[in-house]
Structure formats: C-alpha cells, structure tokens
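First the structure, in the form of structure tokens, and then the observations on it.
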Amino acid sequence: MNDNFQSVEKTVKESIIHIYNTIPCPKLYFQYTKKTYKGDITLVLFPLSKQLHRPIKEIGENIGLYVMEKFKKNVFYSIVGGFLNFIYQNDYYLFLLKKMIHPRFYQITIDKTKNIMIEYSSPNANKPLHLGHLRNILIGSSIANILKFVGNHIIQIQMINDRGIHICKSMIAWKKFGHGKNPTNNKMKGDHFVGKYYNLFNQIHQQEVEELIQKKQENQRLDTSILKEARILLKKWEEKEVETRNLWKKMNRWVYDGFSETYKKLGVYFDKTEYESNIYKIGKKIVQKGLNQGLFFKKEDGSIWIDLEKEGFDKKLLLRSDQTSVYMTQDLGTAIERFQKYNIHKLIYVVGNEQNYHFQVLFKILKCLGFPWVHKLYHLSYDMVTLPGGKMKSREGNVVTADSLIKKMHEIAKKRFLTRSKKTEYEESYNIIGLGALKYHFLKVDPKKEIIFHPEKSIDLKGKTSTYIQYTYSRIRSLEKRFYNICKIINVFCHKVLFSEYDKKVIKILQQYPSILKKSSKDLNPSLLANYVYDVSKIFNNLYQNKRLINSVNTLYSNVYMHILHIIGNILKYGMNLLGINMIDQM
RNA sequence: GGUCACGUAGCUCAAAUGGAUAGAGCAACUGCCUUCUAAGCAGUAGGUUACAGGUUCAAAUCCUGUCGUGAUCACCA
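Our numbering applies: residue 47 is where the first sequence begins, and numbers increase by one.
Dropping the structure here:
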C-alpha cells in the first residue's frame with residue numbers, strides 16, 4: 047500500500063503553480079462533493095477560470111490529470127459543468143483509514159495556545175435558573191470545552207448579580223412573610239425558596255398597583271408601599287447596615303447553594319466567580335477619568351454621559367446623578383480589571399441578543415477610552431428560548447426552571463428506558479439519556495436562531511437526538527466486544543482490502559471530523575459539531591443495517607470494520623463530550 | 001417611529017459563508033427482527049427558501065424595497 051499521499055487540496059495547489067506558473071496560487075474553493083455526484087472532494091472551477099483567464103474545461107483537465115498522475119491513479123477525476131470532482135480510489139480510502147486510526151487525527155490544534163476568558167451564566171441572585179440560563183450555560187460551557195480541546199487555555203467565569211433593587215425585593219418579602227423559615231425546614235432548594243419570595247413581592251406589588259388604579263392614583267404605580275420598603279432596604283444595604291447585610295448574605299448563600307446543585311447536575315463548573323457587589327464601584331474611577339479627559343460630559347444634575355451620536359448610537363448614561371453605578375459603569379470596570387489581572391488574548395461574553403446594543407456601546411466606549419485590547423472582546427449573542435404561546439418572560443412565577451426540566455427529562459428517560467432496555471435497573475443511565483436529550487436539543491440549533499420549546503411535548507428520545515447517537519455508540523461498543531470474542535487481530539494494512547460503497551460513504555464522512563471541529567471552534571458554534579455527530583451516527587447505522595460487520599468467517603474484514611468502528615466510536619464520544627453529553631456502553 | 005436580528009416541507013431544524021437537482025428529524029403512509037442491540041434500516045409523500053426587484057457564469061445566502069416576527073432605543077437589571 048502506498049501511504050505517502052499528501053492531501054488532494056495540497057496537490058491541486060501545487061498543480062496550479064506548476065502548470066500556470068502563478069505565485070501565489072489563487073484562492074481555491076473546495077467543497078465536499080454533493081451526494082448526487084460521484085466523488086469525494088470538489089474544486090469549483092468558475093473563479094479559477096476567471097483569475098487564470100483560461101477556459102474551465104482546460105483548467106479542469108490539466109489539474110485533474112496532474113492530480114491523477116501524482117496519486118498514481120489512486121484518485122480519479124471528472125468534470126461536471128464547472129466542477130472538478132476528485133474520486134478517491136480504493137487504496138486512497140485505505141490510506142485515509144490508516145491516517146484516522148492514529149491518535150493524532152483527534153488532537154487538533156488550530157492555533158497557538160491562547161488564554162481565553164469566557165463569561166457565561168451570570169444569573170441574578172434572587173431566583174432559580176430558568177430556560178434562558180440553560181441555553182446560555184450550555185452554549186458557554188460547550189464552547190469552553192471546544193476551545194480547550196483545540197489547545198487553548200480557558201478561564202470560565204460567571205458574574206453574579208447579587209446587588210440592587212431586585213435582590214431587595216426578595217429580601218423584603220422574606221422579612222415580612224418569611225417568619226424565619228429557611229430552605230432546610232421548608233424542604234426547598236435554596237434558589238427556589240428565595241425565588242418564591244421574589245414572586246411574592248411581585249404579587250403584592252401588583253395588588254397594590256391595582257388598588258391604586260381603583261383609587262385613580264395610578265400615577266403612583268411606581269410608589270407602592272412595598273416597593274418603597276424595598277428601596278429603603280437598598281439604601282440600608284448601600285450604607286452597609288449590619289442587619290441588612292447579614293440577611294443579604296444569608297439569603298444569597300441559599301441561592302448559591304441552589305445554583306451549585308444545578309450546575310453540578312448539568313456537569314458545568316466555573317474557574318472563577320465574580321460578584322457584582324465586589325466590583326460595582328471599580329468603573330466609577332474610569333468614568334471620572336474619561337470625564338477629566340473630556341470624553342464624557344456632565345449634566346447639571348451631576349449625571350455623567352457619553353455622546354455617541356456621531357458613531358450612530360445615542361447618548362448613554364454612565365453614572366447616575368446620585369453617583370451610583372449603572373450596568374455600563376460596572377461592565378467598563380470589570381473589562382478593564384480583567385485585562386489587568388489576567389493575561390488574556392480573548393474575552394467572550396455569552397449574553398442574550400437582547401443586549402446586543404449594550405455590548406456595541408460598551409465596546410465603543412472602551413475604544414474611545416483608548417484601550418488597545420478592544421478587538422479582543424467578543425459578544426457571543428444567542429436568541430431566546432420561547433414557549434409556543436409566545437414570550438417566556440411574561441407572567442411572573444410561570445417560568446420553566448432548569449431544575450424542573452432536568453427532573454422531567456430524567457422521568458421521561460426512565461419510562462422509556464424501562465420498556466426498551468436490555469439492562470435492568472440503572473439509575474445513572476436515565477440521567478445520561480435525559481440530560482443528553484436536553485443538551486442536544488438546545489445545542490443542535492445555531493445560537494443566533496430562536497428556539498421554540500414545547501414543554502408538553504418535551505424532548506424526543508428518538509430521531510435527531512442525543513439518544514439516537516448514544517444508542518449508536520452502545521451498538522458500537524457491543525460490536526467491539528463481539529469482535530474481541532470471536533476474531534484474531536491482524537494487520538489489515540498488509541493485505542489487499544476492497545471497500546464497498548457503504549464503507550466508502552462512511553470513510554468519506556469520518557475524514558471531515560477535523561475540519562468540522564476547526565470550524566466549530568473558529569465560529570464559536572457547537573451546533574456544527576452537534577449536527578455532524580448526528581451525520582456520523584446516521585451513516586454508521588446505514589452501514590450496520592446493510593453489512594454484517596463482525597463475524598468469525600471473515601477475519602480480515604472484521605478487522606477492517608474494527609478500525610472503522612473504533613474511529614466512529616472516538617468521534618462520537620469526543621464530539622458528544624464536547625457538547626457536555628456522556629455516552630453509555632450499553633443501552 | 002429609529003436601529004439590529006430573523007422569516008426554509010404541516011411542525012422542529014440543516015445547508016462548511018456565493019456553488020451543482022435546498023437536506024434531516026417529527027407527524028402520515030409502505031416494507032424489513034429465526035441473523036452483530038428494531039431507541040434501528042429502506043421507501044412514499046411533502047418546497048416558487050415570506051413577497052417584489054437587482055447584482056453575476058451561479059443567490060436560501062449579497063444589495064434595495066414591501067410585509068411579518070422578535071429584540072432594543074430607561075438615572076431597570
């Protein structure tokens with residue numbers, strides 16, 4: 047077997063330089079050959095024809111012949127319209143197979159090691175994580191996995207919004223109606239417990255607003271008595287009153303314990319946690335500095351603004367008239383502090399698209415301030431998760447929490463598992479299947495697109511799902527076991543191996559793995575990987591159903607399939623793990 | 001109203017960034033378990049890629065306009 051091949055792409059490039067004597071070589075447009083045409087990889091000739099000023103047919107023939115020659119007829123070619131299709135021959139597939147069984151095939155390093163900080167989750171400390179957080183967390187953690195896998199150093203960070211009027215709302219409700227209860231004696235998860243009081247606050251506030259409307263005093267709707275009380279509490283908090291601070295610490299602790307539990311269930315973790323209460327003052331200095339430099343301006347009431355109208359934005363508030371911070375103030379501060387503290391090459395914010403404008407302005411302000419690292423900031427924006435009826439934020443207390451969804455998935459998996467599985471009781475598998483289905487459902491969709499979530503239909507365990515992929519994987523594991531029981535191991539590369547069309551289809555898909563992973567990491571998009579892993583599963587099941595893979599009669603081909611199974615297994619496992627999904631050996 | 005996204009099969013999503021005859025899965029219908037796991041495989045049906053123009057060898061993809069959906073334009077977070 048000839049195993050000194052270099053890639054077709056490289057050879058094509060070489061041929062153009064050689065034949066047309068052009069340096070540098072024009073940009074080449076390759077694509078994997080469409081299913082409807084014969085071939086493996088395709089060069090699009092139209093742009094080349096334009097640049098070389100030669101007819102398509104001639105270019106195609108020249109390159110095709112050169113490549114065929116170079117590969118000693120292990121690669122054929124055909125020209126269809128303006129497309130030059132390269133058709134791999136048997137031995138080239140064998141070469142690919144050999145390449146793919148090497149561990150290096152999976153160790154993809156796309157660029158030099160970089161320090162990348164990725165901020166995600168970033169919840170408010172007053173209620174449980176919900177559907178929206180779930181998408182955020184899954185995208186963030188999966189991208190962190192992918193970036194790490196291709197060789198970067200990753201710092202996963204969450205910023206907890208533990209300060210402000212919204213926190214005081216749950217505090218005041220607990221003070222008035224909590225009667226000293228706590229999550230333990232109430233048998234509730236801490237974040238749900240606190241969230242209950244936050245919802246209670248909103249209910250009471252709403253009642254009071256309605257009363258005001260009846261009394262025709264609706265102009266006072268922002269001054270309900272309970273809201274006033276919350277404001278007083280905020281003031282006390284700002285003044286660091288001991289009792290208020292202690293209550294605040296106590297209730298936050300409940301919430302954090304609840305978050306930790308949810309994170310643990312989801313299998314995500316953070317290297318760092320920042321608290322808004324620790325850093326909300328940092329930005330003020332910067333704002334003052336910018337004011338002194340004449341970049342910002344002060345209104346009569348003492349508030350500080352930036353005028354970005356020339357840049358196509360509006361005027362933006364940076365500091366309130368009472369000199370307290372707004373979101374922008376602290377985002378300026380944290381960004382600056384992060385670059386001072388850590389040597390980071392990239393800072394990714396995973397934040398919903400409702401804040402697109404906020405981040406555009408944030409980056410613009412930092413640019414105005416002259417920080418050289420502004421181009422290292424990236425807002426990874428994703429669309430909302432909506433319920434079929436419409437918005438999910440709408441009615442208070444009616445949101446789907448992450449915990450309830452995780453629990454529901456576990457139940458669905460259990461029900462299905464019991465009727466299907468060969469195994470007896472196996473609690474851990476319900477988790478892997480249920481959670482996997484949830485994660486896959488969220489990650490297979492391009493982040494920038496909306497997800498419409500049907501709670502009643504919940505999430506499928508068949509079709510284009512993680513369950514299908516997990517099932518495929520456990521089939522592979524089972525086949526491997528069978529192989530070791532009945533077959534001798536031989537070196538297939540010392541023999542003449544002939545691949546069937548099914549085999550070729552599989553190898554064709556498998557060899558795309560590095561480019562998919564590369565693209566996923568470059569685009570910061572786990573959905574590409576998710577969809578690819580599904581394709582791999584599908585093509586395997588097609589092979590499996592049509593060929594007897596492992597048998598004692600044909601040792602050579604059983605060994606060949608053993609290699610193919612091994613590669614598929616690796617791709618499925620690595621790929622799914624990067625999405626945060628575990629695999630099961632037996633289902 | 002200004003700005004920014006998005007609009008693909010009945011439903012949920014793809015389509016490697018401008019390439020060939022737009023692909024999957026649900027749901028519906030038809031076949032396939034005496035054979036390595038049927039949570040599977042094969043097949044049928046389903047499309048004027050919201051609409052109208054434009055750019056070029058080539059448009060779901062880029063530009064313009066219209067319509068629809070959502071987000072945002074707070075001394076909220």
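A virtual CB, placed ideally from N, CA and C, is assigned to each residue, including glycine.
{"query": "Proximity winner among T159, L180, F151, N136, relative to V445 (alpha-carbon distances)", "result": "L180"}
{"query": "Own chain partners of Y243 with C-beta closer than 6 Å, once the 5 adjacent residues on each side are dropped", "result": "S216, A219, W220"}
{"query": "Straight-line gap, T308 to E289 (C-alpha atoms, nearest Å)", "result": "29 Å"}
{"query": "Residue environment, P149, which counts as buried when at least 16 other CB atoms sit within 10 Å", "result": "exposed"}
{"query": "Nearest to N172 (by Cα), restricted to the options S188, F359, H212, H199", "result": "H212"}
{"query": "Which residues DSSP lists as bridging I203, in chain order", "result": "E165, K318"}
{"query": "D353, DSSP secondary structure in three states", "result": "strand"}
{"query": "Cβ-Cβ separation, I206 to I394 (assumed contact under 8 Å), whole Å", "result": "18 Å between Cβ atoms; not a contact."}
{"query": "Reduced DSSP category for G398 - H, G, I as helix; E, B as strand; rest coil", "result": "strand"}
{"query": "Residues near K551 by beta carbon distance below 8 Å, same chain, minus five either side", "result": "I585, N588, L589"}
{"query": "Local Cβ density within 10 Å of P418, reported as buried at 16 or more and exposed below that", "result": "exposed"}
{"query": "Pick from H500, I250, H425 that is closest to L433, judged by C-alpha positions", "result": "H500"}
{"query": "Residue from L130, H404, K118, S95 with nearest C-alpha to F51", "result": "K118"}
{"query": "Reduced DSSP secondary structure (H/G/I, E/B, other) of Q77", "result": "strand"}
{"query": "Residues bridged to N170 [DSSP beta-bridge criterion]", "result": "N207"}
{"query": "Supposed close pair I516, M608 - CB separation, criterion 8 Å", "result": "Residue identity differs from the one stated: residue 516 is Gln in this sequence, not Ile. Contact flag wrong, Cβ pair sits at about 21 Å."}
{"query": "Outcome for V333 when other beta-carbon atoms lying within 10 angstroms are tallied against a minimum of 16", "result": "buried"}
{"query": "Sub-9 Å separation of L611 and F529 beta-carbons", "result": "yes"}
{"query": "Length at least 4, wholly inside the stretch 512–536: the alpha helix (DSSP H) runs in chain order", "result": "512–532"}
{"query": "Reference Y388, options D353, I532, I352, K318, closest by Cα", "result": "K318"}
{"query": "N623 versus P560: straight-line alpha-carbon distance, rounded", "result": "16 Å"}
{"query": "Segment limits, beta strand (DSSP E) that includes Y83", "result": "Where Y83 is concerned, there is no enclosing beta strand (DSSP E), given that its DSSP letter is neither H nor E."}
{"query": "F223 versus I352, V240, R209, residue with shortest Cα-Cα distance", "result": "V240"}
{"query": "Among G379, T88, K262, nearest to G106 - alpha-carbon criterion", "result": "T88"}
{"query": "As assigned by DSSP and simplified to three states, the class of K311", "result": "helix"}
{"query": "Inter-stretch contact (C-beta, 8 Å, three-pair minimum) for the stretch 456–467 and the stretch 594–603", "result": "no"}
{"query": "Touching by the beta-carbon criterion (3+ pairs, under 8 Å), the stretch 326–343 and the stretch 359–376", "result": "yes"}
{"query": "Cβ-Cβ separation, F305 to L175 (assumed contact under 8 Å), whole Å", "result": "7 Å"}
{"query": "First and last residue of the uninterrupted alpha helix (DSSP H) at H425", "result": "From DSSP, H425 is part of no alpha helix (DSSP H) but of the beta strand (DSSP E) over 423–428."}
{"query": "Span of the alpha helix (DSSP H) around F141", "result": "136–147"}
{"query": "6 Å CB neighbourhood of V301 in its chain, flanking five on each side removed", "result": "A171, G236, D237, V240"}
{"query": "Inter-residue Cα distance where the pair is W283 and S367", "result": "19 Å"}
{"query": "Which of helix, strand or coil DSSP assigns to K44", "result": "Lying outside 47 to 633, the shown extent of the chain, residue 44 is not represented and no answer is given."}
{"query": "At least three beta-carbon pairs within less than 8 Å, the stretch 524–541 to the stretch 120–128", "result": "no"}
{"query": "Spatial distance of L268 from I259 (CA atoms)", "result": "12 Å"}
{"query": "Sub-9 Å separation of G178 and V491 beta-carbons", "result": "no"}
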